[in-house]
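Numbering (numbering that gives the first Met the number 0), first residue to last: 0 to 97.
Idealized CB from N, CA, C, for every residue including glycine.
Below is one structure, written out as structure tokens; the observations come after it.
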Amino acid sequence: MQLTSAAIQILPMNADDKEVVRIVDEAIAFIKSFGLNTTVGPFETTVEGDYDTIMKIISEVTRISLKAGADEIMTYIKICAKAEGNVMTIDEKTKKHI
0 MQLTSAAIQI LPMNADDKEV VRIVDEAIAF IKSFGLNTTV GPFETTVEGD YDTIMKIISE
60 VTRISLKAGA DEIMTYIKIC AKAEGNVMTI DEKTKKHI
């Protein structure tokens with residue numbers, strides 16, 4: 000399938016800053032374990048790859064965060080996909096700003 004991208008934000012609720020960072024770090028490690036092009040930002044992690052793999056990541060990342068010790072998680076997802084062809088890559092969108 001064509002290149003798809005998703006922005007994933009995990010927000011542990013009712014946790015102090017250190018615990019939030021620890022849980023989010025575990026979510027990011029899970030996302031990165033797929034070996035896809037990934038960019039970590041201050042509010043979300045953007046990942047690009049084939050649609051099915053992106054959906055697998057999305058379906059598991061909240062569960063992984065809860066297993067990491069969060070009592071409650073808010074998960075925010077943005078998905079960019081096209082019926083035909085590829086979406087713009089992370090580099091195409093951000094390279095001029097680096």
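{"Asked": "So, for A69: in the same chain, excluding its five sequence neighbours on each side, which residues have a beta-carbon less than 6 Å away from its beta-carbon?", "Found": "P11 and I22"}
{"Asked": "Starting from the Cα of D49, find the closest Cα among E43, Q8, V39 and G34 and give me that residue.", "Found": "G34"}
{"Asked": "Among the candidates I78, A67 and D90, whose CA atom is the shortest distance from the CA of V19?", "Found": "A67"}
{"Asked": "Going along the chain, which unbroken runs of the alpha helix (DSSP H) with 4 or more residues stay wholly within the region 29-86?", "Found": "50-66"}
{"Asked": "Taking the straight line between their C-alpha atoms, what separation do you get for K92 and A14?", "Found": "33 Å"}
{"Asked": "So the beta strand (DSSP E) T3 belongs to, where does it begin and stop?", "Found": "L2 to M12"}
{"Asked": "Sort D90, F29 and I78 by Cα distance to T3 and report the nearest one.", "Found": "I78"}
{"Asked": "Relative to the C-alpha of Y75, which candidate in I89, V86 and T45 has its C-alpha closest?", "Found": "T45"}
{"Asked": "Check for me: the alpha helix (DSSP H) holding I97 runs from which residue to which?", "Found": "Segment: none, I97 is in no alpha helix (DSSP H) and carries neither H nor E."}
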